[in-house]
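Student:
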DNA sequence: GTTTTTGCAAACCATTTGCAGGGTC
DNA sequence: GACCCTGCAAATGGTTTGCAAAAAC
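Residue numbers (this note's numbering), protein chains in the order written: chain A, 87 to 231; chain B, 87 to 231.
(1) Indicate whether residue 179(A) and residue 206(B) have their beta-carbon atoms separated by less than 8 angstroms.
(2) Among the residues of its own chain, which have a CB less than 6 angstroms from the CB of residue 170(B), if the five just before and after it don't count?
(3) Rounding to the nearest angstrom, what Cα-Cα distance links residue 76(B) and residue 93(A) in this structure?
(4) By Cβ distance, which residues of its chain are closer than 7 angstroms to residue 215(B), with the 5 residues on each side in sequence left out?
(5) Applying the criterion that 16 or more other CB atoms from any shown protein chain within 10 Å of the CB defines a buried residue, is residue 131(B) buried or exposed?
(6) Which residue comes first and which comes last in the alpha helix (DSSP H) that contains residue 133(A)?
(7) Of all the options 96(A), 143(A), 113(A), which has the alpha carbon lying nearest to the alpha carbon of residue 154(A)?
(8) Hey, is residue 221(A)'s beta-carbon within less than 8 angstroms of any beta-carbon in chain B?
(9) Please list, in chain order, the residues of the region 182-201 of chain A that have any C-beta partner in chain B closer than 9 angstroms.
(10) Evaluate residue 104(A) with the Cβ neighbour count: other Cβ atoms within 10 Å of its Cβ, from every protein chain shown; 16 or more gives buried, anything less gives exposed.
(11) Whose CA, out of 211(A), 166(A), 189(A), 110(A), lies closest to the CA of residue 124(A)?
(12) Any idea if residue 139(A) is buried or exposed, counting beta-carbon neighbours within 10 angstroms, 16 or more meaning buried?
(13) Could you tell me the alpha carbon to alpha carbon distance between residue 190(A) and residue 118(B), rounded to whole angstroms?
(14) Buried or exposed for residue 230(B), going by 16 or more other Cβ atoms inside 10 Å?
(15) Name the residue from 182(B), 209(B), 204(B) whose alpha carbon lies nearest to the alpha carbon of residue 223(B).
(16) State the CB to CB distance for the pair residue 146(A) and residue 108(A), rounded to an integer number of angstroms; the pair is presumed to be in contact (CB under 8 angstroms).
(17) Could you tell me whether any Cβ in chain A is nearer than 8 angstroms to the Cβ of residue 140(B)?
(18) Our contact map puts residue 164(A) next to residue 121(A) with C-beta atoms below 8 angstroms; I'd like the distance itself, whole angstroms only.
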């Protein structure tokens with residue numbers, strides 16, 4: 087969960103124009119707690135008559151991902167989703183039941199990767215860690231969807 | 087790189103019928119070193135007149151993934167690929183230039199995840215770590231593709 | 001002989017693109 | 001006023017599906 091203005095400001099700061107659509111999307115994304123898909127945003131945009139089209143949603147998500155404000159997730163199901171993020175680099179802990187997303191630090195991962203690089207001779211430049219589990223609230227809940 | 091018979095045997099052991107197409111696919115996958123896409127297999131199947139159709143390739147990849155003999159990779163580009171695997175659980179180190187794939191142990195990751203679970207209260211049930219970098223051979227090579 | 005598997009081609013679904021009009025700086 | 005951005009709807013590209021024929025058990 088981030089502040090909508092952080093998102094819209096980012097467009098401006100990166101030299102993109104601040105349009106009504108981008109503001110609307112920033113607000114839409116800001117109010118999301120867990121992950122969301124492009125389709126989710128499109129549906130909500132239509133329901134609330136925000137007048138943001140499909141193409142614009144995909145294009146904006148691209149930009150935000152480029153700027154590091156959201157991150158694309160590859161769900162175990164094969165689908166794609168996005169999550170808002172704030173920290174420079176972190177990883178995502180995704181609730182497999184409700185989709186709530188939490189940033190995690192994964193202290194120690196850097197050391198692991200360094201070790202992997204040494205052992206294999208690879209020059210490591212990127213990595214991705216996604217963790218899935220049941221959040222406390224969903225554990226408390228009886229079970230079921 | 088795995089043995090083709092390991093793959094074809096797996097079909098039989100899991101109660102699937104051992105067809106010529108599945109044998110052919112097992113061989114195709116076994117000779118792959120790095121990751122490969124469904125399309126790669128389709129192209130090679132056609133070139134070598136193996137008579138394995140698109141649908142069968144996707145269906146077989148599903149089965150093999152289900153059985154844990156191959157794993158689906160989500161490349162940074164957004165595309166999907168598969169890699170053959172043998173260890174019970176491991177992670178993949180993928181060369182961003184040639185696609186060669188190496189299994190890595192990531193010793194210590196379990197501890198990190200346990201820690202994450204403790205700190206967040208999540209019941210962690212799955213995770214995925216993918217590491218991308220330049221393999222020794224590609225580092226040695228001038229550069230270019 | 002029964003049940004699973006296959007191929008084909010059409011269906012699908014998410015994502016991308018071209019282009020003309022509209023909005024931002 | 002110039003250039004960026006948008007919507008639309010069509011194109012795209014990878015993946016799935018329905019069904020009748022073929023193969024495995």
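Note that the Cβ used here is the ideal one computed from N, Cα and C, for glycine as well.
None of these values were measured; they are calculated from a predicted model.
Tutor: Here's the rundown:
(1) With a cutoff of 8 angstroms on beta-carbon distance, residue 179(A) and residue 206(B) are scored as near each other.
(2) So the list reads 88, 115, 156, once near-sequence residues are dropped.
(3) Residue 76(B) lies beyond the stretch modelled for chain B, which goes from 87 to 231, so this question has no answer here.
(4) Around residue 215(B), the same chain offers 177, 192, 195 as residues with beta carbons nearer than 7 angstroms, after the five sequence neighbours per side are excluded.
(5) It is buried - the Cβ of residue 131(B) has at least 16 other Cβ atoms within 10 Å.
(6) Under the DSSP assignment, residue 133(A) falls in the alpha helix (DSSP H) whose first and last residues are 124-133.
(7) Distance check between residue 154(A) and each of 96(A), 143(A), 113(A) places 96(A) closest, using alpha-carbon atoms only.
(8) Interface residue, yes.
(9) Here the close residues are 182, 188, 190, 191, 192, 193, 194, 195, 197, 198, 199, 201.
(10) By the neighbour-count definition (other C-beta atoms within 10 Å, threshold 16), residue 104(A) is an exposed residue.
(11) In terms of Cα proximity to residue 124(A), the closest of 211(A), 166(A), 189(A), 110(A) is 166(A).
(12) Residue 139(A) sits exposed, since fewer than 16 C-beta atoms from the chains shown fall within 10 Å of its C-beta.
(13) When only Cα atoms are considered, residue 190(A) and residue 118(B) end up about 35 angstroms apart.
(14) Low confidence applies to residue 230(B): its pLDDT is 49, below 50, so where it sits in the model is not reliable enough to give any reading.
(15) Sorting 182(B), 209(B), 204(B) by C-alpha distance to the C-alpha of residue 223(B) places 182(B) at the top.
(16) Going by Cβ atoms, the distance from residue 146(A) to residue 108(A) rounds to 6 angstroms, so yes, they are a contact pair.
(17) Output row for residue 140(B): interface = no.
(18) Cβ atoms of residue 164(A) and residue 121(A) stay farther apart than 8 angstroms, at about 14 angstroms.
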